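Single-structure report; data block below.
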Amino acid sequence: MATTQHVIIGNGIAGISAAEVLRAGDPDSAITIIGDESETPYCRPMISLVLEGALGPERLPIRGTDYYQQFGITPVLGRRVTAVDTSRREVHINGARPVIYDKLLIASGADPRPVKAEGRDLDNIFYLRHQAHVRGMLAVMPDARKALVLGGGLVGFKAAYGLLRRGIQVTMLIRSGYPLSMQADAEAGRMVLTELRAHGLEVRVGAEVTAFEGGPAVRAAVLSDGSRLACDLVVIGKGVLPSLAFVRRDQIAVDLGIVVDRHMRTTAPDVYAAGDVAEGMDLARGTRWVNAIWPEAVAQGRLAGTNMAGREVAGEGSLGRNVIRIFGLDIMTGGIVDPPADDDGFTVVSALDPRRRTYRKLVFQKNRLVGMVMVNAIEQGGVLLGLIQSRMPVRLPAETLLANGFNYKQLLME
Amino acid sequence: MKQVVVHPERCVGCLQCMLACATAHSRSRTLPEAVLESPRPRPRVHVGVGCFDEGFPNRCRHCDPAPCMLACLPGAIYRDAQTNTVLIDTDRCINCASCAMVCPFGVLRYHPDVLAPPDKTVAVKCDNCIARQQKGQIPACVEACRTGALTFEPLDGAMRRKTDAVSRTVSAGRREVPPPAGYALLTTIKHEQVRLRSH
Amino acid sequence: MKKEYIQETIAQDSRLLLRKMEGDAVTTVWERHRDQQPHCGFCEMGLSCRNCVMGPCRIDPFGDGPQQGVCGADANIIVARNLGRMIAAGAASHSDHGRDLVEVLAKVAEGDGSGYQIRDGAKLRRLAAEFGVDVEGREEKQIAADLAYGMQEEYGMRRKSLTLLARAPEKRRRLWDKLNITPRGIDRETSEMMHRTHMGVDNDWQSLLLHGLRNALSDGWGGSMIATEVSDILFGTPSPRPTLSNVGVLKKEQVNIIVHGHNPVVSEMVLLACQSPEMIERAKARGAQGINLAGVCCTGNELLMRHGVAMAGNHLCTELVLGTGAVEMMIVDYQCIMPSIAQVATCYHTRMVSTSDKARFPGMTHREFHPHNAAGLARELVQEAVDNFANRKAVYIPVEPVPAVGGFSVEAIVGALGGTPEPLLDAIKAGKIRGAAGIVGCNNPKITQDHGHVTLTRRLIENDILVVDTGCAAVATAKAGFKVAEAIQYAGPGLKEVCGALQIPPVLHMGSCVDNVRILVLAAALANALQVDISDLPIAGAAPEWYSEKAAAIGAYFVASGVYTVLGPMPPITGSMDVVHLLTQGLEGVVGATFAVEPDPEKAAVLIRERIEAKRKALGL
């Protein structure tokens, strides 16, 4: 029998987690990883720590330089996949021969959501997604005085936080009333905003950029309200979109991301997807959802690799979660944090404790916990998130879960 | 392999394990001196309170696979195969709290520690007292426990004892071993008080 | 309203203030109680011993770990020693309070008493006669000097038995003699308890517990009784008068001063100063409409009993009242004053003043009261409180006060009955009143505040059991509206008829916690009138929310005097089932009464009713 050809698109954490499980489970197979970034595997969420100066770039790699060799993987790096043809089991790469697969994992991750604005190509306008982006920013940072960050989501927020910590004056443009509106509820968002403002962040709500001016580097941004904002560094942090331009919709079902089942299988035979590009069952919502976060990428990559190696294992689904530390605030959130106000299927309880400077909010659907927000005292957050993931009915009073002393033992007494 | 086994029904909530743990992870390893140290030594085992105000020594289970290990961004969490212990490399730790986000037991804490680089806040959790074990000592929490709520033994032995105890209660001519009367009385009263408070 | 507040207290004022103070980021006793969970099981069971430094030791309740301390003491000995020391501390507290009053009496006799005086000369003479002091044709000061001297001897080792034991029925006194638990000297028994519980002294747990009863009797028939009687002599014997209770007694337009603690020696002087026209003028000059003195805890009860001074709350309200932002000054003496309280005050404008040389608190200004400077110092403090009115910020007084009647000393009760206890005995014999219960003791965050007191009281009066109460229990039922004549609507038909005819409430406020001895005196008087022992009477005691060592001493002197007593919270004795059995069963055959422990007041009411009915049956009623 010929050696099984495993091909993995993407050398992010989902791809390499899959490769490692695959190698352990199917030692004799051939594994090829195609990645558009040419560095050794590194920790993407940590690039903002390099931006803020908390870490040097040498701390980013999470595997050794001989990683591919060690695991017997053929790397095809610095190349972007242009097409996948499942009928011929081919992966097309720019300027190279197609790669043939027996089993394919699409773990291509996500790309920054672009902005449409005149002057977008001026210098000193960056995304914050790749190590290279941060290198670019660090290079121009010595001359930067006034930065503009577009977007108040996780990326925009991390960019703004990093630049603030570098002592640069930062203005953040956000559409909703507070940052992190996808991760946090209004109360936590307000606390984040207050904390950031206390450290010098300027926030403009409701405004968008229509054009950038300058040359060759950006000098100003023109806003939708007609005003002009001087800036010499711009970060576009308006979130990410699954990276799937190469996927033929007639061959593989795509919604926002690539649709996967509990085994991380796509609708095409022998094609799997994992990580930021995949859209599987969301444990809190009970519908498919793209949860583009690191721990899910690890879990999904491992699950895909296990199944590709021939061991049929089903996952329960994914859960969107985040933990963020900013200055004096720690925030942990997960699941549905802001259920629709007009849907009475949800029960929301919350507690603001001015004595401890803590805030907790829990969202229940019937007797299941489906969402949570914690500000400060986040140590027990994993217990609550575990409760969401397990989908177990909660019989404890909601107040018990909200209380400062809540801990794992109380779940045992149910 | 011996490991720390928790018997929650025997925990009386005296917090001795926490004191012993903090002391074992101090510079001086003696309580009177440890309380004066900076950074202040802190426990890795946490006696949480249950629904009836009873104690519960909550410590790292050293899960396999360990969610914290998989979620750790800088790859600072690893497993010591010899003692089956999940450990944290405090040099690599970036204090991002991803481990707390995925730990279903809530055992992670974040603070400066005598075993970490100076003035650095790091993730801290149970290390099975590896340093003590290397000197032939048992984990400090077990040594401190006077009620048998924490034991250091091979897991299968503990499981067998528990299985035997359960089977005794269901077998014919059963010899149920009741909890000591005084402890049962106190527990009854405490349950009653909690019930009355939540009337 | 958050469920948390509802679980913590049944009192609406407390709930509203808790909510308000959480917003003010103030930590209260409930928060600290939660932070203490879990409590140490060794300590809860009485199985830890810190009496010497061969230890500290603890006994494993599961039997696998150590079963003896370093010295060899087993669970029985350790539990009995710990309980003994608890009683000793309680007895010491009451008795030392009594000592302070005897000192004032002595100063008054010497003519060095500044603002203090003899207010009840008749009582002075009655008491002097009991102490064998010659009263014929002598001046009050001479009598007071001899009485004070006689009382000082009670504290020492000159007596073979305490003088006021003579008030107890003869059967009871003979029983105490037989058991060798007749208390000899007030301080002696406490001192001996500390001696016996030293390593290597009394290691017979039953003998230790018996001495615990003797130690408690030295409080009930000694230190506490002297405290109450001398307070009556110096400040007047209480008689019924209307008053108000709950935090609504604070007044937005007036300077509010709160007295907190136990000893009337300080609060009486503060009251006098508050009434002085000069101070009231000063208050008006500063934009206030007057000066409002209110009490919390038992020094408040002392003023309430004698002057109808309003009561802002009981033990667990002491932090909350400050949250109103309406208190210009809180003046404290001693006992039950949480050291946290000055920290609470820092969030508001309240000035905190400590007054006793033996009770100092972090964050309080210490202004020491002595008989010679009391009147002047009280005026100074009131003046400073008035001047602090200008610093007031937002005020939150969320409720209206509830009316109550206080002041039911034994003399007042007998007075209401027409000068003799006969009508009460007749009502009991006729079955209109089934019996009587003394509900006493504290608040404890383990129990929803006031729930134990109020529920038990309601159940007893609706079953025709007359309730007399003191201390924080008395404040709880006052807040709940049980202390007005109209409260007979809550009483059973018989009790309703009797109280209605006498125009008294079905729940009688008998004073502060040292005033529990008034209950002893009443019980002794009833027993003597019937020519039976106290343990034969259809009566019971209860401490549904007790927390303090003083309450342990009170419970022990109730039981040792023959009164069946139901405790709410469990004392730290479950480490020894021998001790538990002795206290809850064995004592019946020894002193004719036992303890019971029942946190649920509904069930406690059933226990008390059963006891009372059994006693009625035994008396042939």
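Residue numbers (our numbering), protein chains in the order written: chain Y, 1 to 414; chain B, 1001 to 1199; chain F, 2001 to 2621.
Positions of the beta carbon are idealized from the N, C-alpha and C atoms, including for glycine.
For clarity, every value in this text was computed on a predicted model and none was experimentally measured.
Inset, instruction - Give the range of the beta strand (DSSP E) segment to which leucine 229 of chain Y is assigned. - result: Within the first sequence, numbered from 1, the residue matching residue 229 of chain Y stands at position 229. Taken as a continuous stretch (DSSP letters only), the beta strand (DSSP E) holding leucine 229 of chain Y covers 228 to 230.
Legend entry - N-terminal and C-terminal residue of the beta strand (DSSP E) that glycine 386 of chain Y is part of: Here the question's residue 386 of chain Y lines up with position 386 in the first sequence. For glycine 386 of chain Y, no beta strand (DSSP E) encloses it; the enclosing alpha helix (DSSP H) starts and ends at 381 to 390.
Inset, instruction - Note down, in chain order, each residue of its chain lying with its Cβ closer than 8 Å to the Cβ of leucine 2209 of chain F, except the 5 sequence neighbours on either side. - result: In the third sequence, residue 2209 of chain F corresponds to position 209, counting from 1. Counting only Cβ-Cβ distances below 8 Å, and skipping sequence neighbours, we find Ala2080, Leu2083, Gly2084, Val2579, Leu2582, Leu2583.
Legend entry - Rounded C-alpha distance that separates phenylalanine 2369 of chain F from proline 1104 of chain B: For the purposes of this step, residue 2369 of chain F is taken as residue 369 along the third sequence, with counting starting at 1. For the purposes of this step, residue 1104 of chain B is taken as residue 104 along the second sequence, with counting starting at 1. Straight-line Cα distance between these residues: approximately 58 Å.
Legend entry - Buried versus exposed, by CB contacts within 10 Å (16 or more), leucine 1031 of chain B: As a working note, residue 1031 of chain B is residue 31 in the second sequence. Exposed.
Inset, instruction - State the DSSP-derived secondary structure class of isoleucine 2087 of chain F, mapped to helix, strand or coil. - result: Position 87 of the third sequence holds residue 2087 of chain F. Here isoleucine 2087 of chain F sits in helix by DSSP.
Legend entry - Near-chain B residues of the region 285 to 313 of chain Y - C-beta to any C-beta below 8 Å: Trp294, Pro295, Val298, Ala299, Arg302
Legend entry - Contacting residues, own chain, Cβ-Cβ under 7 Å from aspartate 2120 of chain F (five flanking each side not counted): In the third sequence, residue 2120 of chain F corresponds to position 120, counting from 1. Taken in chain order, the residues that qualify are Asp2232, Ile2233, Gly2236, Thr2237.
Legend entry - Cα-Cα separation between alanine 159 of chain Y and leucine 1087 of chain B, rounded to whole angstroms: Position 159 of the first sequence, counted from the start, is the residue given in the question as residue 159 of chain Y. Position 87 of the second sequence, counted from the start, is the residue given in the question as residue 1087 of chain B. In this structure, the CA atom of alanine 159 of chain Y is about 31 Å from the CA atom of leucine 1087 of chain B.
Inset, instruction - Work out the CA separation of histidine 2039 of chain F and threonine 1187 of chain B for me, nearest whole Å. - result: Within the second sequence, numbered from 1, the residue matching residue 1187 of chain B stands at position 187. Within the third sequence, numbered from 1, the residue matching residue 2039 of chain F stands at position 39. Their Cα atoms are separated by approximately 12 Å.
Inset, instruction - Could you please give me the residues that DSSP links to asparagine 1058 of chain B through a beta bridge? - result: Taking the first residue of the second sequence as position 1, residue 1058 of chain B is located at position 58. Its beta-bridge partners are B:His1046.
Legend entry - Minimum C-alpha distance to arginine 2214 of chain F - residue among F:Ala2553, F:Lys2123, F:Gln2585: Mapped onto the third sequence, residue 2214 of chain F falls at position 214. With distances taken between Cα atoms, arginine 2214 of chain F lies closest to F:Ala2553.
Legend entry - Separation of leucine 2619 of chain F from serine 2161 of chain F, as counted between CA atoms: Translated into the one-based positions of the third sequence, residue 2161 of chain F becomes position 161. Translated into the one-based positions of the third sequence, residue 2619 of chain F becomes position 619. Their backbone Cα atoms lie some 30 Å apart in a straight line.
Legend entry - chain Y contacts made by the region 2016 to 2027 of chain F, where a contact means CB separation under 8 Å: Glu2022, Gly2023, Asp2024, Ala2025, Val2026, Thr2027
Legend entry - Distance CB(glycine 2222 of chain F)-CB(glycine 2098 of chain F) smaller than 9 Å: One-based indexing of the third sequence puts residue 2222 of chain F at position 222. One-based indexing of the third sequence puts residue 2098 of chain F at position 98. Yes.
Legend entry - Residue of B:Ile1130, B:Asp1080, B:Tyr1110 minimising C-alpha distance to cysteine 1093 of chain B: Along the second sequence, one-based indexing puts residue 1093 of chain B at 93. Of the listed residues, the one whose Cα sits closest to cysteine 1093 of chain B is B:Tyr1110.
Legend entry - C-beta atoms of alanine 2560 of chain F and tryptophan 2176 of chain F nearer than 9 Å: Here residue 2560 of chain F refers to the residue found at position 560 of the third sequence. Here residue 2176 of chain F refers to the residue found at position 176 of the third sequence. Yes, the Cβ-Cβ distance between alanine 2560 of chain F and tryptophan 2176 of chain F is below 9 Å.
Inset, instruction - Just confirm the distance between the C-beta atoms of isoleucine 2439 of chain F and histidine 2453 of chain F, as a whole number of angstroms; I'd bet it's less than 8 Å. - result: The sequence position of residue 2439 of chain F within the third sequence is 439, counting from 1. The sequence position of residue 2453 of chain F within the third sequence is 453, counting from 1. Their Cβ separation, rounded to whole angstroms, is 6 Å, which keeps isoleucine 2439 of chain F and histidine 2453 of chain F in contact under 8 Å.
Inset, instruction - State yes or no: is the beta carbon of cysteine 1014 of chain B nearer than 9 Å to at least one beta carbon in chain F? - result: In the second sequence, the residue the question calls residue 1014 of chain B occupies position 14. Judged by the 9 Å Cβ criterion, cysteine 1014 of chain B is in contact with chain F.
Inset, instruction - Ignore the nearest five residues each way along the sequence and tell me which others in lysine 2603 of chain F's own chain have a CB closer than 8 Å to its CB. - result: Residue 2603 of chain F sits at position 603 when you count from the first residue of the third sequence. Counting only Cβ-Cβ distances below 8 Å, and skipping sequence neighbours, we find nothing.
Legend entry - Where leucine 122 of chain Y falls: helix, strand or coil (DSSP): As a working note, residue 122 of chain Y is residue 122 in the first sequence. Residue state, collapsed to three classes: coil.
Inset, instruction - With DSSP collapsed to three states, give me the class of serine 2191 of chain F. - result: Translated into the one-based positions of the third sequence, residue 2191 of chain F becomes position 191. It is helical.
Legend entry - Same chain, Cβ closer than 8 Å to proline 2240 of chain F, five either side skipped, listed in chain order: Your numbering for residue 2240 of chain F matches position 240 in the third sequence. Cβ within range, chain order: Val2405, Gly2406, Gly2407, Phe2408, Ala2412, Ala2416, Ile2504.
Legend entry - Buried or exposed by the 16-neighbour rule on C-beta atoms within 10 Å, applied to leucine 412 of chain Y: Taking the first residue of the first sequence as position 1, residue 412 of chain Y is located at position 412. Exposed is the call here.
Legend entry - CB of alanine 2542 of chain F within 9 Å of CB of isoleucine 2608 of chain F, strictly: Position 542 of the third sequence, counted from the first residue, corresponds to residue 2542 of chain F. Position 608 of the third sequence, counted from the first residue, corresponds to residue 2608 of chain F. In contact: alanine 2542 of chain F and isoleucine 2608 of chain F (Cβ atoms closer than 9 Å).
Legend entry - Nearest to alanine 284 of chain Y (by Cα), restricted to the options Y:Leu369, Y:Val260, Y:Gly237: If you number the first sequence from 1, residue 284 of chain Y lands on position 284. Alanine 284 of chain Y has its Cα closest to that of Y:Leu369, out of Y:Leu369, Y:Val260, Y:Gly237.
Legend entry - DSSP bridge partner residues for glutamate 213 of chain Y (one or two, in chain order): Stepping through the first sequence from its first residue, residue 213 of chain Y is reached at position 213. Answer is Y:Ala220.
Inset, instruction - Assess, as a yes-or-no matter, whether the region 382 to 398 of chain Y is touched by the region 333 to 349 of chain Y under the definition of 3 or more beta carbon pairs within less than 8 Å. - result: yes
Inset, instruction - Would you kindly check if the distance between the Cβ of alanine 2145 of chain F and the Cβ of alanine 2109 of chain F is under 9 Å? - result: Along the third sequence, one-based indexing puts residue 2109 of chain F at 109. Along the third sequence, one-based indexing puts residue 2145 of chain F at 145. Going by C-beta atoms, alanine 2109 of chain F is nearer than 9 Å to alanine 2145 of chain F.
Inset, instruction - Select from B:Val1045, B:Val1047, B:Phe1056, B:Thr1023 the residue whose C-alpha is nearest the C-alpha of proline 1039 of chain B. - result: Within the second sequence, residue 1039 of chain B is the residue found at index 39, counting from 1. Selected option, being the one with the closest Cα: B:Thr1023.
Inset, instruction - Identify the continuous beta strand (DSSP E) that holds lysine 146 of chain Y and give its terminal residues. - result: Along the first sequence, read from residue 1 onward, the residue named residue 146 of chain Y stands at position 146. Its beta strand (DSSP E) spans residues 146 to 150.
Legend entry - Cut-off 8 Å between Cβ atoms - residues of its own chain near leucine 138 of chain Y, not counting five sequence neighbours on either side: For the purposes of this step, residue 138 of chain Y is taken as the residue at position 138 of the first sequence. Excluding positions up to five away in sequence, the list reads Val50, Leu51.
Inset, instruction - Residues of the region 2481 to 2506 of chain F with a CB closer than 9 Å to any CB of chain Y: list them in chain order, please. - result: Near chain Y, meaning a CB-to-CB distance below 9 Å, no residue of the region 2481 to 2506 of chain F qualifies.
Inset, instruction - Flag this pair as yes or no: are the beta carbons of serine 181 of chain Y and glycine 226 of chain Y separated by less than 9 Å? - result: Position 181 of the first sequence holds residue 181 of chain Y. Position 226 of the first sequence holds residue 226 of chain Y. No. Outside cutoff.
Inset, instruction - Please state if the CB of glycine 2220 of chain F and the CB of tyrosine 2557 of chain F are separated by a distance shorter than 9 Å. - result: Against the third sequence, residue 2557 of chain F aligns to sequence position 557. Against the third sequence, residue 2220 of chain F aligns to sequence position 220. Cβ atoms of tyrosine 2557 of chain F and glycine 2220 of chain F: closer than 9 Å.
Inset, instruction - Evaluate phenylalanine 157 of chain Y with the Cβ neighbour count: other Cβ atoms within 10 Å of its Cβ, from every protein chain shown; 16 or more gives buried, anything less gives exposed. - result: Translated into positions along the first sequence, residue 157 of chain Y becomes position 157. So phenylalanine 157 of chain Y counts as buried.
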